[in-house]
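Residue numbering for the sequence shown is 19 to 344, as defined by the numbering used here.
Beta carbons: idealized from backbone N, C-alpha and C, even for Gly.
Keep in mind it's a predicted model, so treat the numbers as computed, not measured.
Take a look at the structure set out below.
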Amino acid sequence: SSYNGRPGLVPSTQLGGTIKPERQREIEVGADVGFWSNRLGVELTYYDQHIDDLLLMRTLSPSTGHARVLQNVGIMSNKGWELLVRIIPLMRSHLRWESTLTYATNKNRVDGIEGGRLILPNSFSQVSAINGNPLGVFFSTAFARDANGHIALDEDGLPMRAAERKIIGDPNPDFTASWINEFAVGRRWSVRAQLDAVVGGDVFNFTRRLAALSSFGVLTDYERELNGELPAGYNARVFRIFEHWIEDGSFVKLRELSASYRWQPAFLGTSSVQLSLVGRNLFSLDNYSGYDPETNVAGQRTAVRGFDFVEVPIPRSFSMRLSLHY
19 SSYNGRPGLV PSTQLGGTIK PERQREIEVG ADVGFWSNRL GVELTYYDQH IDDLLLMRTL
79 SPSTGHARVL QNVGIMSNKG WELLVRIIPL MRSHLRWEST LTYATNKNRV DGIEGGRLIL
139 PNSFSQVSAI NGNPLGVFFS TAFARDANGH IALDEDGLPM RAAERKIIGD PNPDFTASWI
199 NEFAVGRRWS VRAQLDAVVG GDVFNFTRRL AALSSFGVLT DYERELNGEL PAGYNARVFR
259 IFEHWIEDGS FVKLRELSAS YRWQPAFLGT SSVQLSLVGR NLFSLDNYSG YDPETNVAGQ
319 RTAVRGFDFV EVPIPRSFSM RLSLHY
């Protein structure tokens, strides 16, 4: 910013005002049982959480000189189930296999927001907290649809835009799951593999929308229009309908694959050495057209989720670790 022709710095977050700490109430009920000498274990938990005086950043008008302010804006509830099943299907003197499956689901809802809707910062005004809905839904321009839910077309065969904005997507997944398998072969070798799954969350692919601009030169959809696969004017029309850029963010990832070898050199006495090779984020099964459905423009500690704005994917990494055990 500048004042009277001189450059300066202005904090983007407005200070001052009165805020209260969030107040949380939670009921949690669970069970933990084991069978067959604990070769099969099951943990099941249900929780019901309520947060009063919910703290969220509110977007401010540019005329205030600030971009956002932290305020108590309403209430939020979370209800869900968590399940863990652990089984040892194979246990021999030189071979052991342990398998763990986790499953979690969460139903989120916000209420009590003044005016019914709060636009969240760092989302190009596309992400909101709306009374009666999950936190962080995408609220923007949408396709007009007929009584059967099909996209309405005009006389030129182009999709029509709905008269009013509405909720066009929800980044909150239906459920998450993990499957971990651990093998111990003899006294020296061990192998571990972990699969992670997220099912049902939407992603706002703003990166793909930017790529459709002629100034960036990635015009694959325009090629389809020139070839006659799409009606003339199609790309210009859907560019302004933000529902077009919502994609399914479901995925299954090989989160980790590792192998370890442990031995006991004579010069170390009773101590041992372990060499481990670890690979993380080795592959992803998804239908997302971008790099990675797990990326997010505002990081992970924010109410804005599932917003891809020129983000780099979570890196695939390989590491080697040498550890000494006393």
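Between Glu200 and Glu329, the C-beta gap is not smaller than 8 Å, which leaves the two residues out of contact. Around the beta carbon of Arg110, fewer than 16 other beta carbons sit within 10 angstroms, so the residue counts as exposed.
Comparing C-alpha distances from Gly297 to each of Phe269, Ser268, Ala321 and Pro333 shows the shortest one belongs to Pro333. Distance from Phe260 to Gln89 at the Cβ level is roughly 26 Å; contact not present, criterion being Cβ atoms closer than 8 Å. Cβ atoms of Met178 and Ala162 come within 8 Å of each other, at about 4 Å.
Contact check for Ile264 against Phe156 passes: the beta carbons are separated by less than 8 Å. Within the region 87-162, complete alpha helix (DSSP H) segments of at least 4 residues are not found at all. When Leu244, Val91, Gln212 and Arg104 are compared, the shortest CA-CA separation from Ser55 is found for Arg104. Around the beta carbon of Met338, fewer than 16 other beta carbons sit within 10 angstroms, so the residue counts as exposed. Excluding five sequence positions before and after Gly175, the CB atoms of its chain that fall closer than 7 Å to its own CB belong to Pro249, given in chain order. Within the same chain, Leu138, Pro139, Asn140, Ser141, Val145, Gly154, Asn314, Val315 and Ala316 come within 8 Å of Val322 by CB-CB distance, once the 5 residues on both sides are set aside. Ranked by how close their Cα comes to the Cα of Lys271, the residues Gly134, Asp304, Thr82 and Arg86 have Asp304 in first place. Per the Cβ contact rule, the region 82-101 is not in contact with the region 164-173 (fewer than 3 Cβ pairs under 8 Å).
For the 8 Å CB-CB criterion, Asp326 and Val256 do not form a contact. Restricting attention to alpha helix (DSSP H) runs no shorter than 4 residues, the region 51-77 encloses none. The alpha carbon of Ser95 has as its nearest neighbour, out of Leu72, Arg135 and Pro107, the alpha carbon of Leu72. Remark: fewer than three beta-carbon pairs, one from each stretch, lie closer than 8 Å, so the region 124-131 and the region 205-220 are not flagged as touching. If you draw a straight line from the Cα of Thr63 to the Cα of Thr194, it comes to about 15 Å.
Between Leu293 and Ser278, the C-beta spacing is below 8 Å.
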